[in-house]
Amino acid sequence: MNILLYAVNPISGGEETELCFELSDGEHIEKKKLIITAEMFFELGFPHFPCGKVEISCGKLDEIEYLAEKTAAIKRGLYILSFADNTKKSLVRKLIMKGFSKEIAADAADHLEKTGYINETEAAKTLSHDMAQKKLYGPRRISAALYEKGFSRNAVESAMKELDEDFHIICGKRIEAMGGKEIFADKAKKQKAVASLMRYGFSYDDIREGLRLLK
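Spelled out as structure tokens, the structure:
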């Protein structure tokens, strides 16, 4: 198989590069165009604008095809991220659902994290605050929810460490939403209420102090 790179065209304002190939087995000629990022192209070591045709190996073409697929996955990932923040894990899953291989999806997600488009730590901090204030979750429920959403251990631990919330007050608000202190007057209802609050992630101390704060 004879493979020639016969044209290199900057596109997308110079952010991407279109590579044009001619593949020949001696009888048939096939032409192929692949698009990769400009950064990827420079790292391949080709002249910026080759004069004439450049012969490449099958291995090099395979490498460029992989980069073209990765470029497509990165672009799809950016489109997905434009709608909402995603963890690396959730983005990989969505890219796989769009038809990309697991390897390509993971590679694209790594790139998007390194370039700052995915910031799990900051996203986890924002979400943990929202869950405390808007959903009235306790710390254990927040931590579990972050893991369920695919956040890394480091991101969860960092978010929980910096979560500056008064969970006694938040637990009191949850108790009010459940019916107030009155539900603790009946033994059976009290047991159910405590079990429910525990499921929301509150500790016995949170519950005791939350009750004390209620009028």
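Residue numbering for the sequence shown follows the numbering used here, beginning at 10 and increasing consecutively.
Note that beta-carbon positions come from the ideal geometry of N, C-alpha and C, so glycine has one too.
Counted as a single uninterrupted DSSP element, the beta strand (DSSP E) harbouring Tyr15 occupies residues 11–20. Per the coordinates, the alpha-carbon of Ala81 lies some 28 Å from the alpha-carbon of Tyr156. With 16 or more other Cβ atoms inside 10 Å of its own Cβ, Ala77 counts as buried. Between the region 110–122 and the region 139–151, the count of C-beta pairs closer than 8 Å stays below three; the two stretches do not touch. Ala204 is positioned such that its CB atom lies no closer than 8 Å to that of Ile192. Between Arg149 and Gly210, the CB-CB gap stays under 8 Å. C-alpha of Ile89 to C-alpha of Leu100: approximately 8 Å in a straight line. Contact between the region 131–141 and the region 174–182 is present, with at least three C-beta pairs closer than 8 Å. Nearest in C-alpha terms to Met49, of all of Cys180, Glu27, Leu206, Met106, is Glu27. According to DSSP, residue pairing for Ile65 in a beta bridge involves Ile12. Taking 8 Å as the upper bound for CB-CB distance, Gly86 and Ala117 are in contact here, some 5 Å apart.
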